[in-house]
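> What follows is a single structure, and I will ask about it in a moment.
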Amino acid sequence: MYLRPGGCSPFGYGALEELGPFRVSSDNKTLISNDYAWNNDLIIRGTNEWLAVANVLFLETPLGTGFSYSNTSSDYETVGDQSTAEDNYVFLVNWLERFPQYKTRDLFITGESSAGHYAPQLAYTILSNNNVTNQTKINLKGIAIGNPYIDDNTALLAIFDNLWTHAFNSDETNAGIHKYCNLTNLGDNPSEECRRYVSQAGMELGEDIDIANIYAPVCTTSEDDSEPKSASTGSVAADFDPCSDNYVEAYLNLAEVQSALHARPTKWTACR
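Under my numbering, read the sequence shown as residues 1 to 272, first letter to last.
Take a look at the structure:
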């Protein structure tokens, strides 16, 4: 199972841009194979044997992410880490009942960013319920989290320190953020000094920089052409396309695609 940051689609990003079997081509309509997919066969070193690595389940979570929804409006007001773990557990149980051939398979919960909360909390929920009589047993084997978002202060400070150590922010700005910002509660009425230094950090960074991939080329749209184009910096892999977000959003909003996915017709967005 693969989980993404809270509010951003594991299916759109994870399945169609990162580790799923397909990616969306620049025509916004067709799919191309992903050589780096987790379900690809790998040859075992020193042998002529091939190994199918894994089946990957991309779960649109938490509630309201991607194609996920609730018919009860109040659910959107109470969604949180605990309710997300419970929802994900119920989904897994129902999915295994629908596809019982997977009940005996090993399950690894994987993800990035907010999966630093979602993965261990779902694992705890699974292990707790596995001890309940007459409950579907889930064969959980482990969790794997890349660049996990666990603690607000540590994670947010690392963002600003990364910008500073790569010369996107000045010494003064970084020192001001360290001195005046309580990053554990940055959204709860930060001081005027903190607001000023955070704003200054953004202005110094400028536009068209991906803070999660600072050396990546940017996706641009020229005045003469509405089609997104890659402005390559020559510093990243040639097969990296910074416009892939645009392709995925256009593709997942095609009526025929939503119908094929058995999704509720909706305006799909990558993050909510």
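Beta carbons: idealized from backbone N, C-alpha and C, even for Gly.
Determine, using beta carbons only, whether F168 and M1 come nearer to each other than 9 Å.
For this step, residue 168 is matched to residue 168 along the sequence shown. For this step, residue 1 is matched to residue 1 along the sequence shown. When the beta-carbon positions are compared, F168 and M1 stay at least 9 Å from each other.
> If you reduce the DSSP assignment to three classes, tell me which class F58 lands in.
As a first step, residue 58 must be located in the sequence shown, where it is residue number 58. F58 falls in the strand class under three-state DSSP.
> Is it buried or exposed for G146, if we count other Cβ within 10 angstroms and need 16 for buried?
Counting from one through the sequence shown, the residue named residue 146 turns up at place 146. Exposed, by the Cβ-count rule.
> On a CA-only basis, which of E256, D151, W164, R272 is nearest T30? Give me that one, please.
Translated into the one-based positions of the sequence shown, residue 30 becomes position 30. Among E256, D151, W164, R272, the Cα nearest to that of T30 belongs to E256.
> Which residue from Y36, A158, C194 puts its Cα closest to that of A212?
The residue you call residue 212 lines up with position 212 of the sequence shown. The candidate whose alpha carbon is nearest that of A212 is A158.
> Taking 9 Å as the threshold (C-beta atoms), are T110 and I3 in contact?
Translated into the one-based positions of the sequence shown, residue 3 becomes position 3. Translated into the one-based positions of the sequence shown, residue 110 becomes position 110. Just to set this straight, residue 3 is Leu in the shown sequence, not Ile. For L3 and T110, yes; Cβs fall inside 9 Å.
> For P148, which residues in the same chain have their Cβ closer than 6 Å to its Cβ, ignoring the five residues on either side in sequence?
For the purposes of this step, residue 148 is identified with residue 148 of the sequence shown, where counting begins at 1. Cβ neighbours of P148 beyond the five flanking positions: G116.
> Can you name, in chain order, every residue of its own chain whose Cβ lies under 8 Å from the Cβ of S25, other than the five neighbours on each side?
Start at 1 with the first residue of the sequence shown, and residue 25 comes out as number 25. Answer for S25: L31, I32, Y247, listed in chain order.
> Given 8 Å as the limit, is there contact between the segment 123-138 and the segment 61-78, that is, 3 or more CB pairs closer than that?
no
> Going by DSSP, what residues sit across from E112 in a beta bridge?
The sequence position of residue 112 within the sequence shown is 112, counting from 1. Note: E112 sits in a beta bridge opposite G146.
> Measuring CB to CB, does N28 end up less than 9 Å from A250?
As a first step, residue 28 is located in the sequence shown; it is residue number 28 there, counting from the start. As a first step, residue 250 is located in the sequence shown; it is residue number 250 there, counting from the start. Cβ atoms of N28 and A250: closer than 9 Å.
> So for F22, helix, strand or coil by DSSP?
If you number the sequence shown from 1, residue 22 lands on position 22. Here F22 sits in strand by DSSP.
> Hey, quick one: how far does the beta strand (DSSP E) through I32 stretch, first residue to last?
Reading the sequence shown from its first residue, position 32 is the one you call residue 32. Per DSSP, I32 belongs to the beta strand (DSSP E) from 31-33.
> Here's a check: name, in chain order, each residue in its chain whose Cβ is nearer than 8 Å to the Cβ of T104, leaving out the five neighbours to either side.
Position 104 of the sequence shown, counted from the start, is the residue given in the question as residue 104. Closer than 8 Å at Cβ, skipping near neighbours: N139.
> If you draw a straight line from the C-alpha of L273 to the C-alpha of L163, how long is it?
Residue 273 lies beyond the stretch modelled for the chain, which goes from 1 to 272, so this question has no answer here.
> Under the assumption that G64 contacts R264 (Cβ atoms under 8 Å), give the Cβ distance between them as a whole number of angstroms.
Locating residue 64 in the sequence shown gives position 64, counting from the first residue. Locating residue 264 in the sequence shown gives position 264, counting from the first residue. In fact, because the Cβ distance is near 12 Å, the residues do not count as touching under 8 Å.
> Rounded to the nearest angstrom, how far is the Cβ of T136 from that of L96, given a contact under 8 Å?
Working through the sequence shown from its first residue, we reach residue 136 at position 136. Working through the sequence shown from its first residue, we reach residue 96 at position 96. The pair is a contact, with the Cβ atoms about 6 Å apart (cut-off 8 Å).
> Please classify V218: does DSSP put it in a helix, a strand, or coil?
Within the sequence shown, numbered from 1, the residue matching residue 218 stands at position 218. Reduced to three states, the DSSP call for V218 is strand.
> Can you tell me which of G6, S74, N34, T173 puts its alpha carbon nearest to the alpha carbon of S244?
If you number the sequence shown from 1, residue 244 lands on position 244. Of the candidates G6, S74, N34, T173, N34 places its Cα closest to the Cα of S244.
> Between L19 and the rest of its own chain, which residues show a CB-CB distance below 8 Å, the 5 nearest in sequence each way excluded?
Locating residue 19 in the sequence shown gives position 19, counting from the first residue. Counting only Cβ-Cβ distances below 8 Å, and skipping sequence neighbours, we find Y2, N34, Y36, A37, W38, V56.
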